[in-house]
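The structure appears right after this line, and notes come after that.
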Amino acid sequence: MVVESMKPDFLFNAQQDEKFNFDDDDLVELKPYGLSLNNDTSRPFLILKDALGEHTLPVAVTQIEAGVALSQSSPTQISTSPHAFLEKLLSGLDIRIERCVFIEITGNHQYVRIFMSGHSKYQSLKLRADEAMSLCLHLKVPFFATKSYIQKSKVMSTTSMDETAHIVMNQRNVAVKKELLH
385 MVVESMKPDF LFNAQQDEKF NFDDDDLVEL KPYGLSLNND TSRPFLILKD
435 ALGEHTLPVA VTQIEAGVAL SQSSPTQIST SPHAFLEKLL SGLDIRIERC
485 VFIEITGNHQ YVRIFMSGHS KYQSLKLRAD EAMSLCLHLK VPFFATKSYI
535 QKSKVMSTTS MDETAHIVMN QRNVAVKKEL LH
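Residue numbers for the sequence shown follow my numbering, beginning at 385 and rising by one.
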């Protein structure tokens with residue numbers, strides 16, 4: 385097998401031609417602040433804040449992403465990350481992830497655009513936020529969002545938490561009804 389003929393295009397399977405609906409001047413830089421768990425812990429939130437603490441962005445993540453984020457933030461734990469291989473691969477291909485910008489909310493999903501340099505064909509890639517957070521944290525990629533996006537995300541996270549509470553309550557009601565039937 386000739387390795388020289390491999391191209392990094394295998395990393396990117398679809399064209400990413402979307403227009404951006406933000407101006408760089410409108411972006412607020414956000415830093416990781418912590419994790420928030422609701423009562424049933426099925427939908428953890430990564431909390432990002434700006435340097436002054438004026439803006440807070442809740443980012444819904446999977447339990448696995450939350451666990452990886454927690455383990456990466458622990459200074460006492462040995463540095464093991466599921467992203468070590470990808471970091472080495474990107475570095476070997478001279479691809480650098482420059483920033484992560486929150487761009488869209490669709491239903492209960494937040495989307496980010498990952499901006500990168502070093503790829504001959506693509507400058508950015510759109511991903512679901514819950515698929516990208518722990519990698520961006522591992523690579524120390526800066527996070528950005530517009531103030532309007534931050535506001536929309538607060539509404540989304542409240543709605544998501546209300547829906548989760550409703551599902552949990554329905555599960556409890558079903559369990560009680562089953563007990564009454566037996």
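Here a beta-carbon is modelled for each residue, glycine too, at the ideal position from N, C-alpha and C. Keep in mind that this is a model prediction, so the values were computed, not measured.
Rounded straight-line distance, which links the Cα of residue j to that of residue i
i: Cys520; j: Gly418; result: 15 Å
i: Leu511; j: Val496; result: 6 Å
i: Ala450; j: Ser504; result: 32 Å
i: Ile489; j: Leu474; result: 28 Å
i: Ile448; j: Phe406; result: 30 Å
i: Leu430; j: Met517; result: 8 Å
i: Lys538; j: Ala468; result: 32 Å
i: Tyr533; j: Ala513; result: 13 Å
i: Gln535; j: Phe486; result: 12 Å
i: Ser426; j: Phe527; result: 24 Å
i: Pro416; j: Leu436; result: 13 Å
Distance CB(residue i)-CB(residue j) smaller than 8 Å
i: Leu441; j: Leu454; result: no
i: Val445; j: Pro428; result: yes
i: Thr530; j: Asp410; result: yes
i: Val525; j: Cys484; result: yes
i: Glu471; j: Leu523; result: yes
First and last residue of the uninterrupted alpha helix (DSSP H) at residue i
i: Glu515; result: 513 to 522
i: Gly476; result: 468 to 476
Cβ shell of residue i (< 8 Å), same chain only, five flanking positions each side left out
i: Ser633; result: Here the chain covers residues 385 to 566 and nothing more, so residue 633 does not appear.
i: Gln494; result: Val443, Ala444, Phe486, Glu488, Arg512, Ala513, Asp514, Ser537, Met540
Own chain, CB closer than 7 Å to residue i, minus 5 neighbours either side, in chain order
i: Pro466; result: Val452
i: Asp434; result: Val412, Glu413, Leu414
Continuous beta strand (DSSP E) stretch holding residue i: start and end
i: Tyr495; result: 493 to 501
i: Thr490; result: 480 to 490
i: Glu438; result: Looking at the DSSP string, Glu438 is not in any beta strand (DSSP E), and its letter there is neither H nor E.
Cut-off 6 Å between Cβ atoms - residues of its own chain near residue i, not counting five sequence neighbours on either side
i: Ser420; result: Phe429, Ile431
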